[in-house]
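Keeping their order, the protein sequence lines are chains A and B. Under our numbering, the residues of the first sequence are numbered 1 to 146, in order. Under our numbering, the residues of the second sequence are numbered 147 to 324, in order. Backbone N, C-alpha and C fix where the C-beta goes; we use that ideal spot for every residue, glycine too. None of these values were measured; they are calculated from a predicted model. Reading through the structure tokens given below for one structure.
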Amino acid sequence: MKDIERMVISAYEDGEVDAPWNQRIARRLAEDADWATEADGHRKIKAALAASPEPDFSEARRRVKVRIEAGLPLRTRTLPLAWISVAAAAVLVLAGGGGFWLGRQTVPAAPSAVAELQVQVPKTLGLKLSGEGQLLMASTLQGKSR
Amino acid sequence: MVGEGGSPGASKTPQGFSEVYEAWSPLLFRIVYRMTGRREAAEEIVQEAFIKYYERRDVLPTDEGLKYWLIRVARNLTLNHEKRRGRERRALERVFHEPAPRAEKAALEKLTDSEAVGDVQKALLLLPENLRTVLILKEYTGFAYAEIGKMMNITEGNVKVRVFRARARLAQLLKEVL
């Protein structure tokens with residue numbers, strides 16, 4: 001059977017062929033076994049599609065209406081990969097920046113503790129300080145402690 | 147809060163947002179579900195379509211043209227959604243070094259994930275989009291070829307060809323693949 005004939009039968013089964021052609025097709029279907037088989041195939045596909053189960057959307061319809069009326073954002077929006085990458089990068093930057101900030105918070109505390117010790121050393125044990133930095137720090141802190 | 151754009155009962159065609167939503171959302175849910183096979187996608191896409199409608203309702207037609215507009219918008223959103231989903235899936239496959247699916251059945255499993263969809267719906271998802279949309283509009287909405295042609299910006303003759311090809315391909319898929 002030619003494709004054009006099969007297409008005519010498909011359109012006929014959809015009710016898309018007007019008179020008088022639809023009557024001629026009906027007669028041909030009654031007389032020609034190949035045409036009848038083809039029409040039967042189209043009807044089976046149509047029946048299978050019609051019988052294919054479909055979810056009940058009544059609750060989803062209600063939810064969507066409520067969200068639109070309330071001006072709420074989409075419920076199940078998936079983030080594009082680009083945004084996921086940006087978010088991941090932001091987390092890394094924040095983590096790095098946070099670590100640096102914490103580091104800056106803790107670094108100044110340590111030398112003062114060390115300096116206190118260095119101040120105490122020459123006073124109590126009479127040990128010589130070695131290095132310019134230590135001398136400066138010691139003299140500063142000694143002055144401060146007075 | 148969404149206001150009503152027109153007076154109920156003033157015309158046979160739905161006017162206000164609520165009327166329009168009640169009139170056409172069941173149709174859009176059905177079309178998008180059939181195009182994607184996923185109810186979550188249907189919910190998200192129909193919501194986006196009606197938000198677009200709400201934003202532009204003052205300049206949109208209020209007759210049958212509105213129905214065609216909504217269906218066109220839902221179709222475009224669905225195509226964009228599926229493209230995005232395909233890109234994300236391919237990216238994840240690259241990350242996890244998964245080989246690309248070879249057989250149609252494997253492709254189908256990727257498409258439908260774990261959602262329970264019937265064999266016919268699965269086969270429908272394997273049709274090329276240009277055939278699938280036309281067949282869905284014909285079989286699940288009852289639109290005439292001429293109306294489908296208007297929605298898709300194609301001729302009535304082209305709709306006839308596509309419906310025929312879609313049915314023939316679907317018959318083949320149902321026989322061979324599933």
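For residue i and residue j, what's the separation of their Cα atoms in angstroms?
i: Val305/B; j: Ile25/A; result: 20 Å
i: Glu16/A; j: Gly288/B; result: 12 Å
i: Glu165/B; j: Arg221/B; result: 21 Å
i: Ile191/B; j: Pro20/A; result: 43 Å
i: Glu38/A; j: Arg313/B; result: 11 Å
i: Leu11/A; j: Lys2/A; result: Leu is not the amino acid found at residue 11/A; the sequence shown has Ala there. So the two alpha carbons sit approximately 15 Å from each other.
i: Arg236/B; j: Phe196/B; result: 30 Å
i: Ala51/A; j: Glu302/B; result: 27 Å
i: Ala30/A; j: Tyr199/B; result: 49 Å
i: Ile4/A; j: Leu316/B; result: 18 Å
i: Leu277/B; j: Leu92/A; result: 46 Å
i: Leu320/B; j: Arg311/B; result: 14 Å
i: Tyr286/B; j: Ala89/A; result: 46 Å
i: Ala292/B; j: Ala169/B; result: 21 Å
Using 10 angstroms around the beta-carbon of residue i, count the other beta-carbons present and answer buried if the total reaches 16, otherwise exposed.
i: Ser112/A; result: In this prediction, Ser112/A scores a pLDDT of 46, lower than 50, which makes its location untrustworthy; the coordinate-derived value is nonetheless stated afterwards. Ser112/A should be labelled exposed.
i: His42/A; result: buried
i: Gln318/B; result: exposed
i: Leu8/A; result: Per the sequence shown, the amino acid found at residue 8/A is Val instead of Leu. Label assigned to Val8/A: buried.
i: Gly183/B; result: buried
i: Leu205/B; result: Note that residue 205/B corresponds to Val in the displayed sequence, not to Leu. Exposed.
i: Arg240/B; result: exposed
i: Ala70/A; result: exposed
Quick one: list the residues of chain A neighbouring residue i, beta-carbon separation under 7 Å, in chain order.
i: Gly264/B; result: Ser52 and Pro53
i: Phe242/B; result: Ordered by position in chain A, no residue passes the 7 Å Cβ test against Phe242/B, which lies about 14 Å from the chain.
Find the residues of chain A that neighbour residue i, judging by a C-beta separation of less than 9 Å, and give them in chain order.
i: Leu316/B; result: Ile45, Ala48 and Leu49
i: Val309/B; result: Met7, Ser10, Ala11, Asp14 and Glu16
In chain B, which residues lie less than 7 Å from residue i when you measure between Cβ atoms?
i: Ala65/A; result: The sequence given here places Lys at residue 65/A; Ala does not occur at that position. Correct list: Tyr167.
i: Ile68/A; result: Val148, Gln193, Phe196, Ile197 and Tyr200
Could you pull the start and end residues of the alpha helix (DSSP H) that residue i belongs to?
i: Val8/A; result: Asp3 to Glu13
i: Gln161/B; result: Segment: none, Gln161/B is in no alpha helix (DSSP H) and carries neither H nor E.
i: Val192/B; result: Arg185 to Arg202
i: Gly232/B; result: Glu210 to Val241
i: Ala290/B; result: From DSSP, Ala290/B is part of no alpha helix (DSSP H); its letter is neither H nor E.
i: Glu54/A; result: Careful: Glu54/A lies outside any alpha helix (DSSP H) and carries neither H nor E.
i: Val266/B; result: Asp265 to Leu271
i: Glu31/A; result: Trp21 to Glu31
Starting from residue i, find everything on chain A with Cβ-Cβ shorter than 8 Å and list it in chain order.
i: Lys306/B; result: Met7, Ser10, Ala11 and Glu16
i: Pro172/B; result: Phe57 and Arg61
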